Amino acid sequence: YAKSLGRNQAQTFHVDLADRFRSRFQMENDLRRALQNHELVMHYQPIILAETQQVVTLEALVRWQHPTRGLLSPLEFLPLAQDMGLMKTLGKRVLELVCRDIQRSAITLPKISINLASEQISDATLPDQVHALLAQYNIPASALAFEVIEEQLQDDTNKLVLTLRRLAAAGIELYVDDFGTGYSSLARLKNMPFSRLKMDRSMVAGLPDDFDDCAIALSILGLAKGLGMSVVAEGIEDIAQAEWLCHQGCGYLQGYHYSHPMPLDQLTL
Ligand code: C2E
Ligand code: MG
Ligand code: MG
Ligand code: MG
Numbered sequence: 002y003a004k005s006l007g008r009n010q011a012q013t014f015h016v017d018l019a020d021r022f023r024s025r026f027q028m029e030n031d032l033r034r035a036l037q038n039h040e041l042v043m044h045y046q047p048i049i050l051a052e053t054q055q056v057v058t059l060e061a062l063v064r065w066q067h068p069t070r071g072l073l074s075p076l077e078f079l080p081l082a083q084d085m086g087l088m089k090t091l092g093k094r095v096l097e098l099v100c101r102d103i104q105r106s107a108i109t110l111p112k113i114s115i116n117l118a119s120e121q122i123s124d125a126t127l128p129d130q131v132h133a134l135l136a137q138y139n140i141p142a143s144a145l146a147f148e149v150i151e152e153q154l155q156d157d158t159n160k161l162v163l164t165l166r167r168l169a170a171a172g173i174e175l176y177v178d179d180f181g182t183g184y185s186s187l188a189r190l191k192n193m194p195f196s197r198l199k200m201d202r203s204m205v206a207g208l209p210d211d212f213d214d215c216a217i218a219l220s221i222l223g224l225a226k227g228l229g230m231s232v233v234a235e236g237i238e239d240i241a242q243a244e245w246l247c248h249q250g251c252g253y254l255q256g257y258h259y260s261h262p263m264p265l266d267q268l269t270l
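Throughout, this note's numbering is defined as the position within the sequence shown, counted from one, plus 1.
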């Protein structure tokens, strides 16, 4: 039947649209199911102390083990989860998975840093939820850190600052993620309880040859020093980047050069 219509542009367009609609609908259903059926899995990427080259932190990064599409990266499903209003549920699931991994581990793990969505940090009940989970899994607050994207700090409500302060007061370290990509005011940063800046990998990519990237990286290192914070450079893919950053006093390093994110039991710690 389709053949008899010939190559009708409009027809093709409608079919495409219907296909895309169906697959989006399918993905939405799949994601709802995934959140219940243990299809979300955590991978972990080491953060290295530059001075000793030891793994001092692991960043938890969520993946979706989809039954037919394989292992999906967060960039492929977080936007959908966000559209569907599922970020709080997903964030809670991630917290549970990480706590479970810590509890089950035969060795004492390094601190694990977890990425928080803006839906989570704007939720005033977050500190209580975290407290309850830590108690349930019998884990000290010092086992966790949270990463908050710089951009999420823009709506500087007192409520947000209070939530962050409560988390920090409980003993959870807070890191600013993707630093250098947002427009957070430095004065504001000063009043927030962050202990570490994660220099975005878009700056690290050009090191050590790109003059502008070097200038930005140096200013971030200087700023952090002034504010008493440490710096992690993310996205290090080669030794030249690492050496330049070490030489400039960057304390912590992360990237494919050291390790890709992997399931916990595949990491050598
Ligand atoms: P992010 O927090 O900035 O994480 C770093 C991303 O860079 C990760 O991508 C990591 O795999 C990748 N990466 C690490 N080293 C290198 C490198 O040397 N080169 C390059 N090109 N990339 C590198 P991933 O795992 O795809 O995560 C993407 C983003 O998704 C994360 O960016 C984070 O914002 C978000 N995300 C991941 N897991 C979670 C989660 O559990 N909850 C929330 N809310 N967001 C998450
Ligand atoms: Mg992160
Ligand atoms: Mg980052
Ligand atoms: Mg990022």
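We treat Cβ as the ideally placed atom computed from N, Cα and C, and that holds for glycine. On a predicted model such as this, the values are computed, not experimentally measured, just so you know.
Exercise for the section: Could you say which of N38, A216, R197 lies nearest to R94 if we only look at CA atoms? Expected result: N38
Practice task
Confirm the yes/no value for this check: CB of E148, any heavy atom of ligand 2, distance under 7 Å.
Solution key: yes
Exercise for the section: Measure the Cβ-Cβ separation of G223 and M204 and say whether it is below 8 Å. Expected result: no
Practice task
Taking only heavy atoms of ligand 2 into account, decide whether any of them is closer than 7 Å to the Cβ of E60.
Solution key: yes
Exercise for the section: Have a look at the DSSP bridge pairing and note the partners of I281. Expected result: Look at the range of the chain in this structure, 2 to 270, and you will see that residue 281 is not part of it.
Practice task
Give the DSSP-derived three-state secondary structure of S5 in the structure shown.
Solution key: Annotation note: pLDDT 48 at S5 (below 50); position unreliable, no value reported.
Exercise for the section: Could you tell me the boundaries of the beta strand (DSSP E) in which L268 lies? Expected result: Unbroken run through L268: none, as it is neither H nor E.
Practice task
Could you check the C-alpha separation between C215 and G250 for me, to the nearest Å?
Solution key: 13 Å
Problem - D201 Cβ short of 7 Å to ligand 2 heavy atom set - result: no
Practice task
Out of L175, L208, K89, state which residue places its alpha-carbon closest to the alpha-carbon of N192.
Solution key: L175
Practice task
Using three-state DSSP, classify H258 as helix, strand or coil.
Solution key: coil
Practice task
Using 7 Å as the cut-off, classify the Cβ of Y176 as near or not near the heavy atoms of ligand 1, replying yes or no.
Solution key: no
Problem - Given E235 as reference, the closest of T58, V42, S24 once Cα atoms are compared - result: T58
Practice task
For T109, count neighbouring C-beta atoms within 10 Å of its own C-beta (all shown protein chains included) and say buried if the count is 16 or more, exposed if not.
Solution key: exposed
Practice task
May I have the straight-line CA-CA distance separating A241 from E52, to the nearest angstrom?
Solution key: 16 Å
Practice task
Count the C-beta pairs between the segment 121-137 and the segment 151-166 that are closer than 8 Å, then say yes if the count reaches three, no if not.
Solution key: yes
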